[in-house]
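Novice: Here it is, the structure in full.
Numbering (our numbering), first residue to last: 141 to 583.
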């Protein structure tokens, strides 16, 4: 198999800024290896022992969170920087869509900048003249091409840089998050151009946060984290592994957020009213006269623990839209009572109540409560769109007198591969009759 790009044991180390600087260029050169004598805390490994190959004519995606080393890898392939150790090999002409318009001069016209930028990317003046009209039309700048670039909006500037880079006719195209260079129509035009490159057997190395783009366009994918290779191979498998790690990190962060909120609310607990006149007699969150976040109540009946449970009945903070979810309350009645109501409410990040209910609304007439009990509110499917949500839980008397009220203290996340809008996501299917057809996005 012929490889267009090959990285073998590549590491890239940068020097951190510190007070210990070289006083002169001569003193730096005399030390020969500038990084060799630096302490570990004075260097930053952007990449560590990374190896991968991109077959000629394939599309290869690189994913990872910010600071994972994706852009560093792309700059090494582009030749913008050199590896500290290891070897980078690239076969064929490269066009890098990394810093679009990096060579543009603001004081001269777009027309002149097209020629200068094209020459910098390896085109002859005659080749630029042959492609000039196509470049300008692709950038949608026909009416502004003779205006100074400094008068362009950021979108116009980036579109022109993209148009020049994409028309170099490279063997290897390097792409770093450049699909935000215009409106939706221009983004579709860029995607169509990538599809055309794939059909012509060009090699594409794509760095992006758009996981759906990687799954749709890429033949293989690489996941970097902290400058190290975590997974590579089939795009769907790599994306799934990455999302699993993201969900674990999100869950850990949400667990800390929730623990702090509960601790703060318990420490600064607000005194509840002595009567039920201003308290909650319906689902949690029904009455906006109560504080937006906090805990209050007499604690005659106390909620001692709250947990959201996944399908394996394990505590979780991140769920997929449609997953079964249970809210488990551990409740302690410090003395027997026959007047009690359990309630649950779900709010989105904007404070909109998505759903609320309680046992009294659902015709459960209380009779006796004593000691420690578990209360579980089980949902067959959490049909919410992607987003961050807050949970209310409460136990109170039928007239609303609060025993223990926890408002907006428990945070959880709903993820979805479908980025629809709203709050509720009903189970649904699309059906069509007659002559209707949809394009294959992998074309």
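Just so you know, even glycine gets a beta-carbon here, dropped at the ideal spot from N, CA and C. Keep in mind the model is a prediction, meaning the values are calculated, not measured.
1. Once DSSP output is grouped into helix, strand and coil, what is the label at residue 192?
2. State the DSSP-derived secondary structure class of residue 492, mapped to helix, strand or coil.
3. Between the C-alpha atoms of residue 378 and residue 201, what's the straight-line distance to the nearest angstrom?
4. Is it buried or exposed for residue 435, if we count other Cβ within 10 angstroms and need 16 for buried?
5. For the beta strand (DSSP E) holding residue 477, just list the boundary residues, first then last.
6. What's the call for residue 406, buried or exposed, on a 16-neighbour Cβ count within 10 Å?
7. Helix, strand or coil for residue 252? Go by DSSP, reduced to three states.
8. When you compare the CB positions of residue 317 and residue 347, do they come within less than 8 Å of one another, or not?
9. What does a CB cutoff of less than 8 Å around residue 382 pick up in its chain, not counting 5 residues either side in sequence?
10. Taking contact to mean at least 3 C-beta pairs separated by less than 8 Å, is the segment 454-467 in contact with the segment 537-556?
11. Which value, in whole angstroms, describes the spacing of the CA atoms of residue 563 and residue 467?
12. The beta strand (DSSP E) that contains residue 197, what's its start and end?
13. Looking only at its own chain, which residues have a Cβ that is under 7 Å from the Cβ of residue 366, when we skip the five neighbours before and after it?
14. Taking C-beta to C-beta, are residue 235 and residue 261 nearer than 8 Å?
15. Which runs of the beta strand (DSSP E) spanning at least 3 residues fall entirely within the segment 479-546, listed in chain order?
16. Terminal residues of the continuous alpha helix (DSSP H) containing residue 306?
17. So residue 471 and residue 515 are supposed to be a Cβ contact under 8 Å. How far apart are they, rounded?
18. What separation, rounded to the nearest whole angstrom, lies between the Cα atoms of residue 575 and residue 246?
19. One question on the structure: do residue 299 and residue 326 come within less than 8 Å of each other, judged by their Cβ atoms?
20. Check the DSSP bridge columns for residue 383 and list the partner residues they point to.
21. What is the rounded straight-line gap between the Cα of residue 280 and the Cα of residue 274?
22. Taking only three categories from DSSP, how would you classify residue 572?
23. Assess contact between the segment 440-457 and the segment 389-404, defined as three or more Cβ pairs (one per stretch) separated by less than 8 Å. Is contact present?
24. Let me know if residue 373 comes out buried or exposed under the rule of 16 or more other beta-carbons within 10 Å of its beta-carbon.
25. Could you check if residue 290 is buried or exposed, using at least 16 other CB atoms within 10 Å of its CB as the buried criterion?
26. Would you kindly check if the distance between the Cβ of residue 440 and the Cβ of residue 408 is under 8 Å?
27. Check this for me: beta carbons of residue 305 and residue 231, under 8 Å apart or not?
28. Should residue 250 and residue 286 be called a contact, given that it needs their Cβ atoms to be closer than 8 Å?
29. Taking the alpha-carbon positions, what's the residue 413 to residue 560 distance?
30. Just how far apart, CA to CA, sit residue 152 and residue 221?
31. Alpha carbon to alpha carbon, how far is residue 191 from residue 265? Give it in angstroms, no decimals.
32. Between residue 496 and residue 485, what straight-line distance do the alpha-carbon atoms span, to the nearest angstrom?
33. Check the DSSP bridge columns for residue 229 and list the partner residues they point to.
34. Who are the Cβ neighbours of residue 488 in its own chain at under 7 Å, not counting the five residues just before and after it?
35. As a quick exercise: from 533, 199, 512 and 525, pick the residue whose alpha carbon is nearest that of residue 342.
36. Taking DSSP as the reference, what is the three-state secondary structure of residue 328?
Specialist: To lay it out plainly:
1. Strand, per DSSP.
2. Of the three classes helix, strand and coil, the one that applies to residue 492 here is coil, per DSSP.
3. Those two C-alpha atoms are separated by around 10 Å.
4. It is buried - the Cβ of residue 435 has at least 16 other Cβ atoms within 10 Å.
5. For residue 477, the enclosing beta strand (DSSP E) has its first and last residue at 465-477.
6. By the 10 Å Cβ count, residue 406 comes out exposed.
7. Reduced to three states, the DSSP call for residue 252 is helix.
8. Cβ atoms of residue 317 and residue 347: closer than 8 Å.
9. Correct list, in chain order: 203, 204, 351, 363, 370 and 371.
10. These segments touch.
11. Cα to Cα, the separation comes out at about 19 Å.
12. Residue 197: not part of any beta strand (DSSP E); DSSP gives it neither H nor E.
13. Correct list, in chain order: 208.
14. Going by C-beta atoms, residue 235 is nearer than 8 Å to residue 261.
15. Runs of the beta strand (DSSP E) inside the segment 479-546: 481-488, 493-498, 509-519 and 527-536.
16. Its alpha helix (DSSP H) spans residues 294-306.
17. 6 Å between Cβ atoms; contact.
18. Taking the straight line from one Cα to the other gives about 51 Å.
19. Against a cut-off of 8 Å, the Cβ pair of residue 326 and residue 299 comes out as a contact.
20. According to DSSP, residue 383 bridges with nothing at all.
21. Using only the alpha carbons, I get a separation of about 10 Å.
22. Assignment of residue 572 by DSSP, reduced to helix, strand and coil, places it in the coil class.
23. Result yes; three or more Cβ-Cβ pairs closer than 8 Å.
24. Residue 373 comes out exposed.
25. Counting the other Cβ atoms within 10 Å of the Cβ of residue 290 gives fewer than 16, which makes it exposed.
26. Against a cut-off of 8 Å, the Cβ pair of residue 440 and residue 408 comes out as no contact.
27. Cβ distance not < 8 Å, so residue 305 and residue 231 don't count as in contact.
28. Yes, the pair counts as a contact, with Cβ atoms nearer than the cut-off.
29. Any reading at residue 413 is ruled out, since the residue's pLDDT is 42, under 50, leaving its predicted position unreliable.
30. The alpha-carbon separation between residue 152 and residue 221 amounts to approximately 9 Å.
31. Each residue's alpha carbon lies about 37 Å from the other.
32. If I take the Cα positions, the gap works out to 4 Å.
33. Looking at the DSSP assignment, residue 229 forms a beta bridge with 146.
34. Non-local beta-carbon contacts of residue 488 in its own chain, meaning distances under 7 Å to residues more than five positions away in sequence, involve 494, 527, 529 and 563 in chain order.
35. Taking residue 342 as reference, the option from 533, 199, 512 and 525 with the minimal CA-CA separation is 199.
36. Three-state DSSP puts residue 328 in a helix.
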